[in-house]
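Notes follow once the structure below has been shown.
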Amino acid sequence: MSADPASKPQPRRFRPAGPLTGRVRVPGDKSISHRSLMFGALAVGETRVTGLLEGEDVLATAAALRAMGASIERRDDGAWHINGVGVGGLLQPDGALAMGNSGTSTRLLMGLVASHGICAVFTGDASLSGRPMGRVIEPLSQMGAAFEASPGGTLPLMLRGAHPAVPIEYRLPVASAQVKSAVLLAGLNTAGITGVIEPVPTRDHTERMLRGFGAKLDVEERDGAEGMERVISIHGEADLQPQDITVPGDPSSAAFFAVAASVVPGSDLIIENVGLNPTRAGLFEVLRQMGGSVEELDRREVGGEPVADLRVRHAALTGVEVDPAIAPAMIDEFPVLFVAAALAQGTTVTRGLEELRVKESDRLTAMADALRLAGAQVEERDDGLVIEGTGGDPLPGTSTAAGREAEITTHLDHRIAMSMAVAGLASRKGVLVDDTRPIATSFPNFSDLMAQAAGG
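Structure representation (structure tokens):
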């Protein structure tokens with residue numbers, strides 16, 4: 001998160017409450033919000049965006065794009081209006097680009113800058129400054145960009161863009177939508193065809209939205225050494241056309257409510273306007289595999305993205321072995337899935353989750369420690385967690401055997417804080433988290449919306 005480091009932590013105990021009922025609408029999708037601003041800033045003319053997530057991460061993207069010449073403002077109609085500079089038109093920023101806690105902002109904006117003839121310094125908070133940027137630096141360097149990074153390839157770093165940049169075909173060594181997107185965005189202002197080979201499919205918002213803005217982009221599936229792989233090719237130099245965008249609800253935010261309604265007895269909740277892009281909807285599929293009741297109502301398409309209202313009812317969950325192949329479609333949702341597993345009948349096994357160790361925190365260790373403190377049985381392995389569920393009984397909650405208070409360490413990670421808030425709803429004594437400030441990163445009204453759903 002990017003709260004003022006001088007401000008005090010805001011601990012909170014999340015207590016068991018009533019069933020989750022009625023209707024809630026979660027904030028706009030964070031991935032689509034970031035990209036709406038970026039592509040609007042590269043179009044010529046005015047792009048209008050409704051439903052934009054107004055969390056700290058997205059606002060960091062808006063501020064950086066303003067610093068490079070785009071006009072971005074929220075008007076009285078609640079919509080965001082972006083007047084772009086055109087592909088190739090980014091201006092030299094006067095000062096450092098402050099990314100706060102947002103890895104998405106950083107990596108995608110590095111891609112944009114890499115093929116412009118400007119220099120930018122990227123800074124972040126303590127958490128972001130510990131996250132690896134080498135995976136983006138490598139392909140962008142091949143395209144001609146130059147970097148001066150901190151030890152370990154971390155922030156703060158200076159990027160000198162290459163103009164003209166060199167088109168490349170880059171095979172992703174790890175499944176990462178951010179790395180894929182960074183290369184494609186650099187390709188927007190690079191003459192020729194820039195390609196990314198994706199051995200494992202990742203979220204495809206960049207591809208969908210670039211086409212929507214008028215870029216020429218091809219996606220081919222072909223046989224690779226390890227099975228089918230996707231080849232995404234962007235034709236530069238692109239001309240993007242302004243758009244009118246409605247951002248669907250963020251499935252990562254909806255996941256907290258879906259799990260909460262699944263594990264709190266008596267719940268029957270409708271989560272409105274949830275984006276169900278197949279590269280993002282893995283959590284709902286796994287909940288169904290566990291016996292969850294997740295029903296799609298009024299399925300529709302908005303701006304090229306599948307959307308539906310989700311009706312989620314309390315159900316007796318059963319532990320499963322989660323297929324590692326689904327991990328890219330729910331990588332951010334594993335912390336809250338671990339909570340569902342802790343309340344299921346039997347054992348849940350997760351594998352192939354090394355990527356969780358380089359998120360805002362080491363989410364495997366952080367969630368293992370947090371769930372144990374709340375009374376769950378958890379085994380931590382190198383690439384995942386094995387969780388023995390309670391069979392539907394509430395977790396004991398965070399207090400020691402002697403009755404003293406214990407506190408969950410969130411590591412300034414918004415998803416750890418919200419996941420353990422959900423655990424608190426399905427506990428006997430409640431769960432105390434050490435700091436709720438990080439939640440503003442992605443879901444500023446989380447606590448109010450959860451209280452509304454629980455009738456409190």
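Per the UniProt record's numbering, the sequence shown starts with residue 1, numbered consecutively. The beta-carbon is built from N, C-alpha and C at its ideal position, and this holds for glycine as well.
Beta-carbon proximity list for residue i, same chain, < 6 angstroms, skipping 5 on both sides
i, result
"E296", "A308"
"L109", "A64"
"S2", "Below a pLDDT of 50, predicted positions are generally treated as unreliable, and S2, at 45, falls in that range; no measurement from the model is reported."
"K30", "L53, D250, S442"
"T190", "S115, A165, P167, G236"
"P394", "A426, S427, R428"
"L449", "V24"
"H144", "Checking the sequence shown, residue 144 turns out to be Gly, not His. Result list for G144: A162, A165, V166, in chain order."
"F177", "According to the sequence shown, residue 177 is Ala rather than Phe. Excluding sequence neighbours, A177 sits near T202, R203."
"L112", "L185"
"Y170", "P139, V183, V196"
Where residue i sits in the DSSP three-state scheme
i, result
"S293", "strand"
"Q92", "coil"
"F122", "strand"
"H163", "coil"
"A238", "coil"
"T202", "coil"
"R381", "strand"
"H81", "strand"
"I232", "strand"
"residue 529", "What is shown of the chain runs 1 to 456, which leaves residue 529 out entirely."
"D362", "coil"
"P5", "Because the pLDDT of P5 is 49, which lies under 50, any placement of that residue in the model is unreliable, and the number read from its coordinates should be weighed accordingly. Reduced to three states, the DSSP call for P5 is coil."
"T318", "strand"
"L343", "coil"
"I168", "coil"
"D192", "Going by the sequence as given, residue 192 is Gly instead of Asp. The answer is strand: DSSP assigns G192 an E or B state."
"residue 498", "Given a span of 1 to 456 for the chain in the structure shown, any question on residue 498 remains unanswerable."
"E354", "helix"
"G275", "strand"
"A17", "coil"
Residue i, enclosing alpha helix (DSSP H) - first and last residue
i, result
"A423", "414-425"
"A261", "251-263"
"V49", "No alpha helix (DSSP H) contains V49, which is instead part of the beta strand (DSSP E) from 46-50."
"I326", "From DSSP, I326 is part of no alpha helix (DSSP H); its letter is neither H nor E."
"S181", "177-188"
"I137", "134-142"
"G86", "Segment: none, G86 is in no alpha helix (DSSP H) and carries neither H nor E."
Proximal residues to residue i (C-beta, below 7 angstroms), its chain only, five neighbours per side dropped
i, result
"V302", "T246, P248"
"G69", "V85, G89, L90, L91"
"P199", "L172, G224, E226, E229"
"R372", "V378"
"P5", "Bear in mind that the predicted position of P5 carries a pLDDT of just 49, short of 50, making it too unreliable to give a figure here."
Whole-Å CB distance - residue i paired with residue j, under 8 angstroms assumed
i, j, result
"N277", "R203", "7 angstroms"
"F334", "L356", "6 angstroms"
"L155", "C119", "Their Cβ separation, rounded to whole angstroms, is 15 angstroms, which puts L155 and C119 out of contact at 8 angstroms."
"V349", "V322", "7 angstroms"
Close Cβ partners of residue i (< 8 angstroms) along its chain, the five nearest in sequence each way excluded
i, result
"D382", "E354"
"M228", "E221, R222"
"P306", "G275, L276, N277, P278, R299, R300"
"E405", "T398, S399, L432"
The beta strand (DSSP E) enclosing residue i, as first and last residue numbers
i, result
"T246", "244-246"
"R23", "21-25"
"D309", "305-313"
"F14", "12-14"
"F147", "146-150"
"L59", "Taken as a continuous stretch (DSSP letters only), L59 belongs to no beta strand (DSSP E), being part of the alpha helix (DSSP H) at 56-67."
"V431", "431-433"
beta-carbon residue i near the ligand HEM non-hydrogen atom, thresh 8 angstroms
i, result
"A126", "The ligand HEM is absent from the structure shown, which contains no ligands of any kind."
Contact with chain B by residue i, beta-carbon distance below 9 angstroms
i, result
"Q92", "Within the model displayed, chain B is absent; a lone protein chain is all it includes."
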